[in-house]
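Enquirer: The working numbering numbers the first residue of the sequence shown as 1327 and each following residue consecutively.
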Amino acid sequence: ETQPERQQQPAQSLAKLIKALQTAESSAITASLREFLASAAPTATSVVQQQQARGLLTWACEHLAREFTELGPSAELVNTARENAIQTIMDAPNSFAMADAFRSFVDGLRQQVVQLLSQREQKIVSETHRLVRELGPENVTIQDIAQNLKLSAGHLGRVYSRTAGHTLEEYLIRQKLEMGKRLLLDPR
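(1) Does the beta-carbon distance from residue 1486 to residue 1451 come in below 8 Å?
(2) What residue ranges within the region 1464-1489 form continuous alpha helix (DSSP H) runs of no fewer than 4 residues, ordered along the chain?
(3) Thinking C-beta only, is residue 1483 closer than 8 Å to residue 1467?
(4) Would you kindly report the start and end of the unbroken alpha helix (DSSP H) that includes residue 1420?
(5) Considering only residues of the same chain and omitting the five flanking positions on each side of residue 1435, which have a CB-CB separation below 8 Å?
(6) Return helix, strand or coil for residue 1433, following the three-state DSSP convention.
(7) Cα-Cα, which of 1495, 1424 and 1437 is closest to residue 1363?
(8) In terms of residue numbering, what span does the alpha helix (DSSP H) encompassing residue 1356 cover?
(9) Should residue 1470 and residue 1461 be called a contact, given that it needs their Cβ atoms to be closer than 8 Å?
(10) Please classify residue 1411 as buried or exposed, where buried requires at least 16 other C-beta atoms within 10 Å of its C-beta.
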């Protein structure tokens, strides 16, 4: 393995970690984090190796913080976590402690992304309910709702099911049944 290849490995591994964090998929995050740490902070025994590991890990913290403040999580929270992680990495007595500090920072980012995705998904469900009320359950289709929300019908269905705990089809059927009951009770 040549020196330039070794220098590119952490950058490539960090790119994979960023992609995994954006999806908040735990297994992908774990695998890419392991790969990044193996390339950035191998069991450094010499002082020079530990300094290199510190440099790579603090660079990664800076890069991740910049990427994720653009995604939407609170910049203040991300920057505070970044500062704490960098301070812990700088004060760490060995590469294991450095890697642990970086792992904690990544886990904090993952939690913020999960929360952000959950809020977005909840908003999609709320907007779906609003559209069904406005357009009327008898007239609306999943495709209509998806077009109004500028989503694909498949994505809308997955997000709705995951967030609401039942399918969008079931919700529409229930709404149509409720409307039918109201009409039977008050035929005017």
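Yeah, the Cβ is synthetic: ideal placement off N, Cα and C, and Gly gets one too.
Expert: Reading off the structure:
(1) yes
(2) 1468-1475
(3) no
(4) Premise fails: residue 1420 is in no alpha helix (DSSP H) and is neither H nor E.
(5) 1347, 1390, 1394, 1399, 1404 and 1407
(6) helix
(7) 1424
(8) 1352-1366
(9) yes
(10) buried
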